[in-house]
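Trainee: Here it is, the structure, as structure tokens.
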Amino acid sequence: SYHLKKLKEWKDQVLSQRDGRISTVEELQLDLINNHQIFQADFQADIYKHETALEKALMKHQEAIAIIQSSMEEQQKLYQESILRLDSARSAWVEQINTQLEKAQNQISKLESS
């Protein structure tokens with residue numbers, strides 16, 4: 194993993210700086226502190242990177258949901274308009290048939306009375 198690679202690099206660096214001599218306790222303590230700070234900074238950077246990626250993914254999902262909701266609302270609106278047009282056409286058709294029936298009944302009545 195990334196952190197193990199960093200640890201090996203740090204170990205190699207420490208050994209090369211000391212030319213193989215045994216480190217003092219103070220040097221080891223400083224090395225440990227520095228190494229801990231490096232790992233902590235790397236870890237925080239990784240966390241930030243993942244949080245940023247998650248936030249971006251969440252924003253994209255929210256945008257997709259908004260687009261879907263908008264599309265659904267538009268489809269509902271078109272559906273309602275279609276129903277109104279169909280209802281209007283049906284009403285006009287019923288009115289036309291009723292008018293023709295009235296005319297036919299009037300003609301029948303005229304023929305029967307003559």
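Residues 194 to 307, numbered by the numbering used here, are exactly what the sequence shown covers, in order. For each residue, glycine too, the CB sits at the ideal point set by N, CA and C.
#1: Below 8 Å on the Cβ atoms is my guess for K198 versus I231; work out the distance and round it to an integer in Å.
#2: Work out the CA separation of D280 and N291 for me, nearest whole Å.
#3: Taking T292 as part of the alpha helix (DSSP H), name the residues at either end of that continuous run.
#4: Measure the C-alpha to C-alpha separation of Q233 and K242 and round it to an integer number of angstroms.
#5: Could you tell me the distance, in whole angstroms, from the CA atom of K249 to the CA atom of Q255?
Mentor: Considering the structure as presented:
#1: Indexing the sequence shown from 1 puts residue 198 at position 5. Indexing the sequence shown from 1 puts residue 231 at position 38. In fact, because the Cβ distance is near 12 Å, the residues do not count as touching under 8 Å.
#2: One-based indexing of the sequence shown puts residue 291 at position 98. One-based indexing of the sequence shown puts residue 280 at position 87. Roughly 16 Å between the two C-alpha positions.
#3: Here residue 292 is taken as the residue at index 99 of the sequence shown, counted from 1. T292 -> alpha helix (DSSP H) spans 218–306.
#4: Reading the sequence shown from its first residue, position 40 is the one you call residue 233. Reading the sequence shown from its first residue, position 49 is the one you call residue 242. Taking the straight line joining both Cα atoms gives about 14 Å.
#5: Stepping through the sequence shown from its first residue, residue 249 is reached at position 56. Stepping through the sequence shown from its first residue, residue 255 is reached at position 62. Cα to Cα, the separation comes out at about 10 Å.
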